[in-house]
Structure formats: structure tokens, C-alpha cells
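> Okay, handing you the structure first.
Residue numbers (the numbering used here), protein chains in the order written: chain D, 737 to 1045; chain S, -7 to 339.
What follows is the structure in C-alpha cells.
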């Protein structure tokens, strides 16, 4: 339908991804500062301070670590987010415009399984390994509902092209008439970015689980990558559920940015209010409650789509 | 030079502190945590995450050996602190911050340390830190099957009769929300505890009894620990503030405790998450948190609440068959009532 943007645009898109991730992290730290009795504004700078700290900190190895897989995993988190964002249409164009963009986004969130597991496996540490187990248990719970959730906008728009899905929402956003699918999608985003309340794999009770042995730049890449994944997931939600670049006054790309930022901050702030969900309880919830609900949602969307044709 | 100077100064504003509490140093630990909150530093999640090692109280020889082992694994730039009952915590933190902010200070040390991955043979026998990266150092007599000095995991049948690798994980004493000076050595199938052994480091050291306000603070501290481990940071921060008020001899109004209790009671997800975890002396863990806050109120009212002591030796039986997450939560909830005795037990 539309052509891809020139590669020159990759630079501003990456910068925007970084900026939104920084603001989201800043908002999370501001909330934390306020809870701990400090002014919220002191929290806004924390992501930059942490970056400086981790840049100076010496990276760390463990005995008999699987260094190749461990380092590959820690360096893969940010590229994963970048590859998702590249397929998200910014207004009428995406960096890569592809007729099956939706499948691509789904495929990458499955790659996150491998990356997070290897982060736990790599350092040859018990806590990391258990963090990896926990992530996989959570992933089993959220992944199927997530896949069925993104089916809903595809059915409604009759296309796997993210730009076409976005433009099919003139009038009413899919978030409004497929709210269960939208909620399940957000749950999945928190899951593959390992953020609260889906962060048992990186839980404080496990010394940080998959993060436990990371120090210095390696840790920075993973921590920043988790925020980047959250932002990428939110960015993909914009064409899928939030009407894409549609909005008054501002140009399309601007609306995509604003919606992405709002959803990222809301997911982070909302997630903090919920205790870490225990993986053993989650599988039951995911498969017995959420999955049938999402499938029923798909059914409703299908019937409506057939009727409107 | 200008840039790294700037980075070092910015980095020192948010250092992460690994807190090691020696038995009997509860008050000093709380003072340290409050100062961290005040200056915007935070507690380190693991040894790898730490910039500062803060030893609170006076560790005996066994705990000291473990602390040295943990220190050996901390990345530069790093600073080591000792905090006692009489220490001016604010001054100590300020000094540590100044040291971290120096470009030629702690980071120059990096050059002199060629490598800091301790091999398995370097370990003191009684180490108990959680993450030094080696698995399964159970028996040391599997020479040929020990890459880098670490024996390979051995198989064992798990609770469903499946063959699983058996991993060994010591919990404590370098661990947050954990009884000071206690090591619980777990044998794990996946993240399920197959067996445990408990040791008290430096057995025989005596700890003074608590007065009423310290007792109340200890109870609220345990409630805050459970909330933190459960991932409810805002509620945990509120609970900690009430704990601090107890120690400041400020009057904590019973209404405030009641408000906290009802806020937690209304939290459906928390109750769903904590219910069903068995804790002695309460219906389940959810109930136990309410009991902790209740008892704090009783202690503050000056009505002598006789702590219902639970022997440390009962821990191995308590944790067997539980998941690691449950073990951490249950032990944190039992903290104020753990009676630490000297002999070792196996289960």
C-alpha cells in the first residue's frame, strides 16, 4: 500500500525509541522516589544517573559461564525492540512496510523467549537459571492469549498489514470494541518485557533472577532493553488497537509517538500497583480464564466483521 | 578526563548498597536504610548489582569470611563500609559517596585486580552468599567431573518421580529480608526445595532482648519485607515509614496501623497471591501479614506480647516441598519470631 521510509529515518526513529524509553523509566523512578519520601522530580533523572553508574562499573564474569550465549542474549534485547519498532507505521509510512507486519511483531515477541531464557542460562548460576524457568512458565501463560489477542484486529481489518489495520479503525478504535483483546495484549507486553507485575523471572526474591549476575554495560543493555521492549510493544499497540496515527491537529507520526508514550507510562505505573504474579498461579489464570475470554472476543469480532461486510 | 569525571560524580548519586546485617544489628540496619532513602541510594539486588558493601553490626569470624568472599566479587568502583550502633550513618554515606565520585579512587583499583572471578577452590567452607555463580558444589570428590572445580549436577527424582538435576543453593547470610547470620542450604529440583539444612554462623553470640518499641518496629519490618518480596513497593514503603516512627519514639496512632491493615485487606491480588502459603501461627501468609501489623499495635500499646518463638531448626521441615518464592516469603514473615539456636539440623 505505502512505500517504506528511507533508511535515513532510522536515526530519528531510534532516537524517539530511546527518548520514550527514558521518559518511561523516569516516570517509574519518579513514582518510586515519591513512595520513598523524596520529591518525585529527583526520580526523573535516575535513569541517566543509573546509566552513568553502569557505564563506569566493571562488567563481570562467573565461573564456567556460557559466555557466548550470555553475551549474545544481553546484547539482543535492544535490537529486538528496534526490529519491532521498525515495522510500526508512523502515520502512513513505516521504516519497513510489509504486508505481514503483524506476523513479524508476533515472531519477535517469541524470540524474547529465547533471549530471556539465555540470560538466565548463560551465567551458570542457580538464581539465573530459576529466573529463566520462571520466565518460561510466565511466557506459557501469556503467549497464547497474546497471539489470539492480536488476531482480533487482523480479523476486524481483514489484513495482516499494520498500516491497513490502523486505517481500518476510522470511527472506532479496536481497543474500544475489542477491549478484552487489548487487555490481553497489554498483559503480554508486560510479560515479554519482564516488567511488574510479570517480573517474577527478574524477581527481587531471586536476587534479580535473570539479572542476578549482570554488571556494568551488560546490565545496562538488559535494563534499558526491557524498557525498550515495553515501548516497542506499546508502539505496536498503536496501529493494532489505538487507531494508528489518527488524531486531530498533530501529524500522524506525532500521534503515534504520543500514544506510545502514554501507553508505556500507563503500563509501567499500573504494573507497579500490582504485586508480582506467581508463575504457578498464572498458568491456570492464563489458560482457564484469559484464553477462553480472548477466543470468545475473536468470535465476537469475526461475527461483527462478517455482518459489516 | 572531563567526561569520566562527570560520569563518576553523576554515578555516585545513585549507588547501590549491599547490606549485610550481623546478628543484633537491627537498629543500625534500619538507620542505614533510612539514610539510603534520604540520599536517594538504594539497596542492591545482588552482589553483581552492588557498588557499596555495608556491613552492619559486628560480624563474627564465620560471617566475616563470607563477607570477604562477597567483597571479592563486587565490581569496581566499589567501597566498603562498616556501620555500628554508634556510627554516624550520614557521615559514613557522605564519605562513601565522595570516594565513589573520585575518578582516581576506587576505579584505579581495577587495574590492580587482574580478574575477580573467584574459583570454586578459593571459597571459604562456610560461605553462604547467594550468587557467586557456581552451581552444585556439593561434594568435592568428583575430580574428573568437575569443570573449573565445580562438580556437575547429579540427578534425583523430584516430587512427581521425574529425574531432575539437583542444584544446591545456599540462602543467606548476604541476603535481604533474611535472618541475620543464618544460612539455609537448599537442594533444589527446578525451583522446588527437595531438602534443606540450616546453620547459624558464629553460634553462641548473644543478642539483647527487644524493648516494646523495637519489637513493634521488628514486626513492621517483617511485614514490609513480605510486601517487598511480593512486589508491592508502595505499601512496603508505607509500612517502613511506620516502622521508623516506632524507633523514633514518635507516637504511631493505632488508626494508622488500622488503615494499613485495611488497605492490605482490600488488595485482592495480594491476597490471591499470598493465600495458600502455610505459615505456623496463622491461617496462611496473607493472614500472617495482618497478624504482624496487629502484634505491632499490641507491642506499641505496651501490653507485653510474648513472642511465640519458632525454633530455627524447624525451618528445614517448613520449607521442604515449597517453591523458592514461597520460602523467601515465609521466612521473611517469620523473621521476628525465629529463635536462633546453635545446633545444626538436617531434613
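Glycine included, C-beta positions come from ideal geometry on N, C-alpha and C.
(1) Excluding five sequence neighbours on each side, which residues of the same chain lie with their C-beta closer than 8 Å to the C-beta of residue 273 (chain S)?
(2) Report yes or no: is there a C-beta of chain S within less than 7 Å of the C-beta of residue 760 (chain D)?
(3) Between residue 813 (chain D) and residue 1024 (chain D), is the Cβ-Cβ spacing less than 7 Å?
(4) Could you give the DSSP three-state label for residue 864 (chain D): helix, strand or coil?
(5) Determine which residues share a DSSP beta bridge with residue 35 (chain S) and list them.
(6) Closest to residue 968 (chain D) by C-alpha separation, out of D:783, D:895, D:914, D:841, would be which residue?
(7) Return helix, strand or coil for residue 181 (chain S), following the three-state DSSP convention.
(8) Does the count of Cβ pairs from the segment 963 to 978 of chain D and the segment 993 to 1000 of chain D closer than 8 Å reach three?
(9) Residue 67 (chain S) and residue 793 (chain D) look like a contact to me (Cβ under 8 Å); what is the Cβ gap, rounded to whole Å?
(10) Please confirm whether residue 163 (chain S) has its beta-carbon closer than 7 Å to some beta-carbon of chain D.
(11) Along chain D, which residues have their Cβ under 7 Å away from the Cβ of residue 5 (chain S)?
(12) Kindly provide the ranges of any alpha helix (DSSP H) runs that are 4 or more residues long and lie completely inside the segment 219 to 247 of chain S, ordered along the chain.
(13) Have a look at the DSSP bridge pairing and note the partners of residue 158 (chain S).
(14) Let me check understanding here. Comparing Cα to Cα, which of S:37, S:39, S:25 lies closest to residue 82 (chain S)?
(15) Can you round the beta-carbon distance between residue 821 (chain D) and residue 753 (chain D) to whole angstroms, since I take them to be within the 8 Å contact cut?
(16) Listed from N- to C-terminal order along the chain, which residues in the segment 233 to 254 of chain S have their beta-carbon within a distance smaller than 9 Å of any beta-carbon of chain D?
(17) In whole angstroms, what separates the C-alpha of residue 846 (chain D) from that of residue 872 (chain D)?
(18) Got a sec? Which residues, its chain only, sit under 7 Å from residue 23 (chain S) by beta carbon, not counting five neighbours each side?
(19) Compute the distance between the beta-carbons of residue 1012 (chain D) and residue -6 (chain S), then report whether it is under 7 Å.
(20) With the cut-off set at 7 Å, would you say residue 63 (chain S) and residue 45 (chain S) are in Cβ contact?
(21) Between the beta-carbon of residue 244 (chain S) and the beta-carbon of residue 321 (chain S), is there less than 7 Å?
(22) Can you give me the C-alpha to C-alpha distance between residue 911 (chain D) and residue 270 (chain S), rounded to a whole angstrom?
(23) In chain B, what lies closer than 7 Å to residue 220 (chain S) by C-beta?
(24) According to the neighbour-count rule (16 or more other Cβ atoms, all chains shown, within 10 Å of its Cβ), is residue 207 (chain S) buried or exposed?
(25) Going by alpha carbons, who is nearest to residue 8 (chain S) out of S:42, S:238, S:-3?
(26) Between residue 1010 (chain D) and chain S, is the shortest Cβ-Cβ distance under 7 Å, so that the two count as touching?
(27) Can you pull the chain D neighbours of residue 38 (chain S), defined as C-beta to C-beta under 8 Å?
(28) Straight-line CA distance for residue 276 (chain S) to residue 838 (chain D)?
(29) Output needed in chain order: residues of the segment 800 to 820 of chain D with a Cβ under 9 Å from some Cβ in chain S.
(30) Report yes if the CB atom of residue 49 (chain S) is closer than 7 Å to the CB atom of residue 16 (chain S), and no otherwise.
(31) Which complete alpha helix (DSSP H) runs does the segment 37 to 65 of chain S hold, if anything under 4 residues is left out?
By the coordinates alone:
(1) 280, 283, 300, 302, 329
(2) By the rule that beta-carbons nearer than 7 Å mark a contact, residue 760 (chain D) does not touch chain S.
(3) no
(4) helix
(5) S:9
(6) For the set D:783, D:895, D:914, D:841, the Cα lying nearest the Cα of residue 968 (chain D) is the one of D:841.
(7) In the structure shown, residue 181 (chain S) adopts extended strand secondary structure according to DSSP, grouped into three states.
(8) yes
(9) 5 Å
(10) no
(11) Within chain D, the residues near residue 5 (chain S) are 785.
(12) 225 to 239
(13) Residue 158 (chain S) has S:146, S:181 as its beta-bridge partners, per DSSP.
(14) Out of S:37, S:39, S:25, S:25 has the C-alpha closest to the C-alpha of residue 82 (chain S).
(15) 5 Å
(16) 233
(17) Just so you know, the alpha carbons of residue 846 (chain D) and residue 872 (chain D) end up roughly 11 Å apart.
(18) 81
(19) The answer is no: Cβ separation not under 7 Å.
(20) yes
(21) The Cβ atoms of residue 244 (chain S) and residue 321 (chain S) lie no closer than 7 Å to each other.
(22) 41 Å
(23) Given the protein chain composition of this structure (D and S), no chain B is represented.
(24) buried
(25) If we check each option's Cα against that of residue 8 (chain S), S:42 comes out closest.
(26) yes
(27) Within chain D, the C-beta atoms nearer than 8 Å to that of residue 38 (chain S) come from 863, 943, 944, 947, 948, 949, in chain order.
(28) 45 Å
(29) Result list: 800, 801.
(30) Their beta carbons are under 7 Å apart, which means residue 49 (chain S) touches residue 16 (chain S) by this criterion.
(31) 53 to 63
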